[in-house]
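Colleague: One structure coming up, written as structure tokens, with questions to follow.
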Amino acid sequence: MLSNAETAALLCVSERTYRRWLVSGQPDPTALRLLAILAGYVPWEGWDGWEVHNGYLFPPGYTRGGIRPGEFFTVVFYRQQVAEYQRVNRQLAARVKALELTAAGGSVAELPAELSAAIADLGARVQAVSADLLALGARTCNTGTLSHERESGVSGADVSASADTVGEASDRGPGRPVLRVANAG
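In full-length UniProt numbering, the protein residues as written are 1 to 185.
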């Protein structure tokens with residue numbers, strides 16, 4: 001418990017003023033609010049029931065597991081992490097649904113529009129990466145051989161990009177090349 005002198009110093013008033021407030025029962029409202037804040041009460045809108053004790057912020061009804069000031073910096077990271085987990089979960093759910101339909105003898109056309117769009121988008125991305133890999137693989141290295149020949153044993157004549165369709169057109173998007181590697185044996 002604070003002495004009269006300590007309380008008056010916290011409120012930035014004289015000890016005499018503080019004693020007068022005690023005797024009259026009519027303290028300055030701003031002083032009361034400051035005392036409440038110093039006692040741990042959080043008076044701002046949206047923070048009903050929150051309290052601060054010993055440097056920790058406590059949600060309403062909690063007396064353990066307060067939040068330290070440094071932990072607030074991680075909130076943004078946690079939000080981003082949750083959003084990424086939700087995005088990956090939606091993609092995986094779409095893939096599972098597509099595999100279940102395919103295993104049951106269904107086709108991608110039977111998927112809901114949202115899942116079909118997600119699968120089409122993923123297919124288009126895969127095809128774009130395939131075309132980029134083909135372009136990178138066609139570059140020659142210092143020895144004069146194609147870099148993909150050296151690493152994979154597949155000759156340049158065996159790798160081609162074509163506009164042939166594999167499955168439905170919606171699987172890969174319009175105008176995307178399909179990477180084909182012929183059997184080297």
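By construction, the Cβ of each residue, glycine as well, lies at the ideal position given by its N, Cα and C atoms.
None of these values were measured; they are calculated from a predicted model.
Just list the residues that DSSP pairs Pro52 with in beta bridges.
Modeller: By 1-based counting over the sequence shown, the position of residue 52 is 52. According to the sequence shown, residue 52 is Val rather than Pro. Per DSSP, Leu57.
Colleague: Under a three-way DSSP split, which group does Tyr41 fall into?
Modeller: Taking the first residue of the sequence shown as position 1, residue 41 is located at position 41. Note: Tyr41 maps to strand in three-state DSSP.
Colleague: For Glu71 and Ala128, I'd like the C-alpha separation in whole angstroms.
Modeller: In the sequence shown, counting from the first residue as 1, residue 71 sits at position 71. In the sequence shown, counting from the first residue as 1, residue 128 sits at position 128. Computed Cα separation, rounded: 41 Å.
Colleague: On a CA-only basis, which of Leu115, Gly25, Gly105, Arg19 is nearest Ala94? Give me that one, please.
Modeller: On the sequence shown, position 94 is the one that residue 94 refers to. It is Leu115.
Colleague: Between the stretch 62-76 and the stretch 20-39, are three or more C-beta pairs nearer than 8 Å?
Modeller: These segments do not touch.
Colleague: Here's a check: name, in chain order, each residue in its chain whose Cβ is nearer than 8 Å to the Cβ of residue 189, leaving out the five neighbours to either side.
Modeller: Any question about residue 189 goes unanswered here, given that the chain covers just 1 to 185.
Colleague: Cβ atoms of Gln91 and Leu122: under 9 Å apart, would you say?
Modeller: On the sequence shown, residue 122 is found 122 positions in, with the first residue counted as 1. On the sequence shown, residue 91 is found 91 positions in, with the first residue counted as 1. Yes, these two residues count as a Cβ contact at 9 Å.
Colleague: For Tyr56 and Arg68, I'd like the C-alpha separation in whole angstroms.
Modeller: For the purposes of this step, residue 56 is identified with residue 56 of the sequence shown, where counting begins at 1. For the purposes of this step, residue 68 is identified with residue 68 of the sequence shown, where counting begins at 1. Rounded to the nearest angstrom, the two C-alpha atoms are 5 Å apart.
Colleague: Would you say Ala5 and Trp21 are within 9 Å of each other, going by their C-beta atoms?
Modeller: Translated into the one-based positions of the sequence shown, residue 5 becomes position 5. Translated into the one-based positions of the sequence shown, residue 21 becomes position 21. Not closer than 9 Å, so no.
Colleague: Cutting at 7 Å between CB atoms, please list the residues of its own chain near Ala117, excluding the five before and the five after it.
Modeller: Here residue 117 refers to the residue found at position 117 when the sequence shown is read from its first residue. Taken in chain order, the list of residues that qualify is empty.
Colleague: Would you list the one or two residues that DSSP bridges to Ile67?
Modeller: Numbered from its first residue, the sequence shown carries residue 67 at position 67. Its beta-bridge partners are Leu57.
Colleague: How many Å lie between Cys12 and Phe73 at the Cα?
Modeller: By one-based count along the sequence shown, residue 12 stands at place 12. By one-based count along the sequence shown, residue 73 stands at place 73. Going by the C-alpha atoms only, they are around 32 Å apart.
Colleague: Using a Cβ-Cβ cutoff of less than 8 Å, which residues in the same chain neighbour Trp50 once the five nearest sequence positions on both sides are dropped?
Modeller: Locating residue 50 in the sequence shown gives position 50, counting from the first residue. So the qualifying residues of the chain are Val42, Leu57, Phe58, Pro59, Pro60.
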